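Asker: Protein chains in written order, with full-length UniProt numbering: chain A, 1 to 228; chain B, 1 to 442.
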Amino acid sequence: MRVFDLATTPLRELNSALHTVAPGANDTSFEVVNPRGSHSVAVGIDKPVTVEVKGSVGYYCAGMNDGGTITVHGSAGPGVAENMMSGTVVIEGDASQYAGATGRGGLLVIKGNAASRCGISMKGIDIVVHGSIGHMSAFMGQSGHLVVLGDAGDALGDSLYEAKLFVRGTVKSLGADCVQKEMKPKHLKLLAELLEKAGATDVKPEEFKRYGSARKLYNFNIDNADAY
Amino acid sequence: MSYHNPFTPPRKSATFDDYTLAEIRRAAATGIYDIRGAGTKRKVPHFDDLLFLGASISRYPLEGYREKCDTTVTLGTRFAKKPITLRTPITIAGMSFGALSGNAKEALGRGATLAGTSTTTGDGGMTDEERGHSQTLVYQYLPSRYGMNPKDLRRADAIEVVVGQGAKPGGGGMLLGQKISDRVANMRNLPKGIDQRSACRHPDWTGPDDLEIKILELREITDWEKPIYIKVGGARPYYDTALAVKAGADVVVLDGMQGGTAATQDVFIENVGMPTLACIRPAVQALQDLGMHRKVQLIVSGGIRSGADVAKALALGADAVAIGTAALVAIGDNDPKWESEYQALGTTAGAYDDWHEGKDPAGITTQDPELAKRLDPVAAGRRLANYLKVMTLEAQTIARACGKNHLHNLEPEDLCALTLEAAAMAQIPLAGTGWYPGKGGF
Ligand SMILES: Cc1cc2nc3c(=O)[nH]c(=O)nc-3n(C[C@H](O)[C@H](O)[C@H](O)COP(=O)(O)O)c2cc1C
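Put into structure tokens, the structure is as follows:
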């Protein structure tokens with residue numbers, strides 16, 4: 001295992017080492033100590049490496065991750081795992097705004113709460129938040145799943161496309177074109193799998209409500225102008 | 001004896017002219033604002049309002065075909081490990097696959113490559129054909145992030161963070177359902193046939209301080225290899241340029257209000273943003289104030305049509321220009337040879353701008369495979385290369401006449417203005433005087 005101390009080592013060395021892991025290399029585990037809120041920690045990973053970050057990080061940690069497993073033993077700043085392609089990102093603490101923004105694949109688990117715009121413009125990522133999420137979450141969400149064990153803030157799923165949202169607690173308000181939908185057996189099954197993957201073993205899928213797009217804004221109609 | 005009033009001809013209002021009246025009726029009948037492609041159609045002060053002075057006793061010219069007038073430009077020298085060098089300072093602006101057909105994108109790539117310049121992706125991502133046919137390809141990083149992925153980021157030659165577009169500073173994108181083929185839908189992770197709204201603001205940053213961190217992320221992901229451009233619409237060019245420099249840009253792309261668009265509300269195209277002519281000097285001033293002129297390169301776009309426009313933009317301080325509309329015309333857009341089909345669509349060659357409807361007779365702004373087939377990408381690419389070469393030669397002709405051995409040596413002192421407006425906006429003396437509005441003297 002290679003250890004990078006960000007108190008003494010430039011960020012560039014860490015990311016460069018992550019990008020130059022040879023395919024099939026034996027040593028694929030990394031540890032980052034003293035991240036001290038650094039931005040862009042472990043971004044652009046494109047191999048199945050594991051990174052343990054011992055502390056809190058700034059913006060865009062694990063950005064564009066493609067196949068790596070990154071665990072932050074602390075909290076994460078804005079845009080954690082933005083545009084993730086595949087792999088797993090786990091935040092033991094809380095996450096700031098835009099967690100998982102535009103993510104296309106992989107799993108983002110936030111053990112604490114996530115701030116506003118969690119899953120904004122999501123395009124296939126699965127996000128599981130053990131706590132609550134802030135306003136405008138899943139705005140323009142295109143596909144993927146957002147699972148929230150706690151509550152959701154205002155305007156959940158505004159202008160939603162095909163992303164599926166599951167909330168266990170209360171939803172302060174739904175955004176334009178987002179509606180509650182029936183929870184069918186296939187959804188319960190899917191939710192059970194996601195909860196298991198995210199280590200949320202003390203809750204049952206039946207406790208959640210499902211939300212999705214009413215699909216009324218899919219083609220422009222002047223009578224819906226207020227909702228655009 | 002009866003009395004007749006003297007005849008007065010019917011008088012139409014200048015305010016409520018025929019076009020305005022027709023637009024009111026159209027809005028009342030359809031209940032929807034007018035969406036269209038292309039740039040502003042109103043007349044605004046432009047490069048036509050500037051002239052070059054040429055050489056005289058105090059400045060001697062260079063011999064037309066004998067003495068060298070260099071046209072190369074290198075972009076991304078500030079931070080990128082791999083800056084890009086182009087043989088001509090005329091680049092092809094970002095236009096999306098989705099708005100344009102695959103053949104049109106291929107033609108742009110081929111033409112740009114033949115002429116030794118770059119082409120740019122657009123909203124919707126990078127296609128293999130485009131990458132394959134473009135020697136130097138700039139990859140746009142847009143608010144929608146449609147098609148964004150790290151593999152394409154790494155196979156790009158430069159990255160352009162799009163903050164705004166001259167046709168619609170502050171506006172997002174729009175691709176209507178008619179143009180969403182299976183391939184376009186798949187690239188954008190959306191169902192087929194629905195209207196695609198592209199956000200007007202990036203999903204994971206707001207403001208210059210965030211942008212700086214975003215750029216750091218993009219550089220770290222691509223190991224500091226790629227030049228990073230920031231594209232802004234012509235709104236507040238002094239501050240936007242200064243903030244882009246502060247955020248760490250290698251290149252600033254500044255798009256004035258004449259800039260084309262694939263589809264935007266007409267009211268937006270015609271009423272928001274500043275003319276290209278008015279944007280250049282403030283941007284150059286910002287670079288000079290920061291000691292960054294020529295270190296951070298400035299690419300200007302919006303209504304560039306000829307080598308004269310190129311030379312004027314460069315004389316005002318730009319390092320390069322970008323063309324959108326003119327490139328489309330060069331490959332065949334609005335060609336009178338399709339006149340009968342334009343008429344069938346209720347328009348005429350030269351005025352066709354319903355690019356969002358996907359029915360383009362020239363096969364350029366469409367996803368209809370039958371229409372798209374009309375454009376031969378090889379021949380169209382050749383036309384674009386010819387056009388780029390002509391423009392380059394025109395700019396060189398002017399530069400030599402001004403005694404310059406590189407296009408970048410053109411300077412404001414080589415110009416005079418024909419109108420007070422142009423003099424004020426470009427800070428160029430009115431012809432025959434040493435004065436422009438805002439400057440003291442005679
Ligand atoms: C058909 C079309 C599609 C465009 N698509 C994009 C785009 O995806 N992203 C972008 O930043 N600008 C886009 N633009 C704007 C151009 O990049 C450029 O700013 C503009 O065309 C320059 O002005 P000009 O058309 O007068 O040359 C588009 C323009 C056109 C004409």
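Virtual Cβ for every residue (Gly too), placed ideally from N, Cα, C. Here the structure is a predicted model, which means the values were calculated and not measured.
Nearest-angstrom Cα distance between Arg215/A and Gly157/A?
Answerer: Taking the straight line from one Cα to the other gives about 12 Å.
Asker: Could you pull out every residue in the same chain whose Cβ sits closer than 7 Å to the Cβ of Thr113/B, ignoring the five residues on either side in sequence?
Answerer: Result list for Thr113/B: His133, Ser134, Gln135, in chain order.
Asker: So, for Val148/A: in the same chain, excluding its five sequence neighbours on each side, which residues have a beta-carbon less than 6 Å away from its beta-carbon?
Answerer: Same-chain partners within the cutoff: Val129, Ile133, Val167.
Asker: Counting only C-beta atoms, is Asn219/A closer than 8 Å to chain B at any point?
Answerer: Asn219/A counts as touching chain B.
Asker: Please say whether Glu220/B and Asn15/A have beta carbons closer to each other than 8 Å?
Answerer: Taking 8 Å as the Cβ cut-off, Asn15/A and Glu220/B qualify as a contacting pair.
Asker: Against chain B, with Cβ distances strictly below 8 Å, would residue 230/A count as a contact?
Answerer: The question about residue 230/A has no answer, for chain A in this structure spans 1 to 228.
Asker: Ligand 1 heavy atoms versus the CB of Thr88/B: any closer than 7 Å?
Answerer: No - ligand 1 has no heavy atom lying nearer than 7 Å to the Cβ of Thr88/B.
Asker: Just how far apart, CA to CA, sit Thr419/B and Ser96/B?
Answerer: Taking the straight line from one Cα to the other gives about 36 Å.
Asker: For Leu51/B, which residues of its own chain have a beta-carbon under 6 Å away from its beta-carbon, when the five flanking residues on both sides are left out?
Answerer: Here the set comprises Cys416.
Asker: Run through DSSP, which three-state label would Gly68/A get?
Answerer: Strand, per DSSP.
Asker: Go through the stretch 89–126 of chain A residue by residue and report every complete run of the beta strand (DSSP E) that reaches 3 residues or more, in order.
Answerer: Segments of the beta strand (DSSP E) lying fully in the stretch 89–126 of chain A: 107–110.
Asker: What's the gap between the Cα of Phe442/B and the Cα of Pro429/B?
Answerer: Residue placement at Phe442/B is poorly supported in this model, since its pLDDT is 48, which falls under 50; the coordinates are not used for a value here.
Asker: Can you tell me which of the three DSSP states Glu52/A falls into?
Answerer: DSSP places Glu52/A in strand when its eight states are reduced to three.
Asker: Would Asn83/A be called buried (16 or more neighbouring beta carbons within 10 Å of its own) or exposed?
Answerer: Counting Cβ neighbours within 10 Å, Asn83/A comes out buried, since at least 16 surround it.
Asker: Beta-carbon within less than 6 Å of Ala286/B's beta-carbon, same chain only, minus the 5 sequence neighbours each way: which residues are those?
Answerer: Taken in chain order, the residues that qualify are Tyr238, Thr241, Ala242.
Asker: How many Å lie between Arg154/B and Thr222/B at the Cα?
Answerer: Each residue's Cα considered, the two are about 6 Å apart.
Asker: Whose Cβ in chain A lies nearer than 7 Å to the Cβ of Ile221/B?
Answerer: Here the neighbours are Val43, Gly44, Gly63, Met64.
Asker: Suppose you measure from the CA of Arg36/A to the CA of Gly79/A; what does that come to, to the nearest Å?
Answerer: Whole-angstrom Cα-Cα distance: 17 Å.
Asker: Quick one: what's Leu86/B bridged to in DSSP?
Answerer: Note: Leu86/B sits in a beta bridge opposite Val73/B.
Asker: Determine the burial state of Asp17/B: buried for a count of at least 16 other Cβ atoms within 10 Å of its Cβ, exposed for fewer.
Answerer: Exposed is the call here.
Asker: Could you tell me whether any Cβ in chain A is nearer than 8 Å to the Cβ of Asn186/B?
Answerer: Judged by the 8 Å Cβ criterion, Asn186/B is not in contact with chain A.
Asker: Rounded to the nearest angstrom, what separates Val41/A and Ala17/A at their Cα positions?
Answerer: Near 12 Å, if we compare the C-alpha coordinates of Ala17/A and Val41/A.
Asker: Assess, as a yes-or-no matter, whether the stretch 56–71 of chain B is touched by the stretch 99–115 of chain B under the definition of 3 or more beta carbon pairs within less than 8 Å.
Answerer: Short answer: they don't touch.
Asker: Give me, in chain order, the residues of the same chain whose beta-carbon lies closer than 6 Å to that of Lys172/A; leave out the 5 immediate sequence neighbours on both sides.
Answerer: These residues qualify, in order along the chain: Gly153, Asp154.
Asker: Strictly by DSSP, which residues pair up with Arg2/A?
Answerer: According to DSSP, which records beta bridges pairwise, Arg2/A is partnered with Phe30/A.
Asker: Could you tell me which of Pro143/B, His408/B, Gly64/B sits nearest to Gly317/B, measuring between CA atoms?
Answerer: Checking every option, the nearest Cα to that of Gly317/B belongs to His408/B.
Asker: Give the secondary structure of Tyr3/B by DSSP, where H, G and I count as helix, E and B as strand, and everything else as coil.
Answerer: Tyr3/B falls in the coil class under three-state DSSP.
Asker: When Cβ atoms are compared, which residues of the stretch 68–95 of chain A fall closer than 7 Å to chain B?
Answerer: Correct list: Pro78, Gly79, Glu82, Asn83, Met85.
Asker: What do you reckon, are the CB atoms on Gly177/B and Gly164/B nearer than 8 Å?
Answerer: No, the Cβ-Cβ distance between Gly177/B and Gly164/B is not below 8 Å.
Asker: Please tell me whether Thr392/B and Ile90/B are closer than 8 Å, where the distance is taken between their beta carbons.
Answerer: Yes, the pair counts as a contact, with Cβ atoms nearer than the cut-off.
Asker: For Thr20/B, which three-state DSSP category applies?
Answerer: If DSSP states are grouped into helix, strand and coil, Thr20/B belongs with the helices.
Asker: To which residues does DSSP link Met174/B through a beta bridge?
Answerer: Bridge partners of Met174/B: Arg197/B.
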